[in-house]
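Participant: Note that the UniProt record's numbering numbers the first sequence so that position 115 is 115, with each residue one more than the last.
From the three backbone atoms N, C-alpha and C, an ideal C-beta is built for every residue, glycine too.
In this text, all values refer to a predicted model and were calculated from it rather than measured experimentally.
Below is the structure I would like to discuss, written out as structure tokens.
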Amino acid sequence: MAYWLLKSEPGAWSWEQQKKEGRQGAEWDGVRNYQARNNMKAMKKGDLAFFYHSVGEKACVGIVKVVAEAHPDSTDGTGQWECVDVAAVTDLPKPVTLAEIKTTPQLKDMVLVNNSRLSVQPVTAGEWRKVCALGGLKDPPTA
DNA sequence: GCCAACGTTGGC
DNA sequence: GCCAACGTTGGC
Numbered sequence: 001m002a003y004w005l006l007k008s009e010p011g012a013w014s015w016e017q018q019k020k021e022g023r024q025g026a027e028w029d030g031v032r033n034y035q036a037r038n039n040m041k042a043m044k045k046g047d048l049a050f051f052y053h054s055v056g057e058k059a060c061v062g063i064v065k066v067v068a069e070a071h072p073d074s075t076d077g078t079g080q081w082e083c084v085d086v087a088a089v090t091d092l093p094k095p096v097t098l099a100e101i102k103t104t105p106q107l108k109d110m111v112l113v114n115n116s117r118l119s120v121q122p123v124t125a126g127e128w129r130k131v132c133a134l135g136g137l138k139d140p141p142t143a
């Protein structure tokens with residue numbers, strides 16, 4: 001099992017929508033980047049991921065879990081793009097901002113810091129625990 | 001709104 | 001197969 005970070009512009013698909021429309025699971029569609037797609041193909045059912053709001057808020061705001069492994073992206077006509085389905089698990093009581101991540105020594109190697117453009121990123125177990133702790137989750141879910 | 005970084009495309 | 005041009009993303 002593994003941990004991930006999924007980025008979304010709140011204007012396109014927000015955490016609020018994920019909780020409302022994607023509580024049982026929703027396609028993480030629209031990814032058109034090979035590296036991001038490959039990361040999704042590596043995901044297993046039960047893997048957990050941070051839900052990150054890019055652009056405005058720039059913070060991890062919640063946690064989702066993978067409920068369906070990679071399958072064709074229904075918004076893609078070419079058949080070459082795939083996506084997973086994710087369901088909302090919990091809010092982060094205190095959103096963890098990019099600024100906070102950048103100033104936390106244990107998180108300086110996060111992909112988010114070093115390759116901010118990759119929209120689907122791996123997260124290490126140590127980073128997972130640290131961000132959960134910063135987010136105010138006393139008993140973080142584990143994959 | 002700007003611009004740097006990155007990825008992709010296409011001409012050679 | 002290289003690389004310049006272009007488009008997009010996302011932080012500031």
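If you compare alpha carbons, which of 66, 101 and 103 is closest to residue 88?
Facilitator: The option with the nearest alpha carbon to residue 88 is 66.
Participant: Residues in the same chain with beta-carbon distance under 6 Å from residue 155, minus the five sequence neighbours each way, listed in chain order, please.
Facilitator: With the chain covering 1 to 143 only, the question about residue 155 has no answer from this structure.
Participant: Taking the continuous alpha helix (DSSP H) assigned at residue 126, which residues delimit it?
Facilitator: From DSSP, the alpha helix (DSSP H) with residue 126 extends over 125-134.
Participant: Could you check if residue 117 is buried or exposed, using at least 16 other CB atoms within 10 Å of its CB as the buried criterion?
Facilitator: Classification of residue 117: exposed, given that the 10 Å Cβ count is below 16.
Participant: Decide if residue 130 is buried, meaning its Cβ has at least 16 other Cβ atoms within 10 Å, or exposed.
Facilitator: Residue 130 should be labelled buried.
Participant: In the DSSP assignment, find the beta strand (DSSP E) that holds residue 16 and state where it starts and stops.
Facilitator: That residue, residue 16, is in no beta strand (DSSP E); its alpha helix (DSSP H) goes 15-21.
Participant: Classify residue 3: buried if its beta carbon has 16 or more other beta carbons within 10 angstroms, exposed otherwise.
Facilitator: It counts as buried.
Participant: For residue 100, which three-state DSSP category applies?
Facilitator: In the structure shown, residue 100 sits in a helix (DSSP, three-state: H, G or I).
Participant: Does the beta-carbon of residue 55 have 16 or more other beta-carbons within 10 angstroms, so that it is buried, or is it exposed?
Facilitator: It counts as exposed.
Participant: Within a Cβ cutoff of 6 Å, which residues of the same chain sit near residue 25, ignoring the five residues on either side of it in sequence?
Facilitator: Only 67, 85 and 87 meet the Cβ criterion.
Participant: Which residue from 23, 20, 19 and 30 puts its Cα closest to that of residue 12?
Facilitator: Minimum Cα distance to residue 12 is reached at 30.
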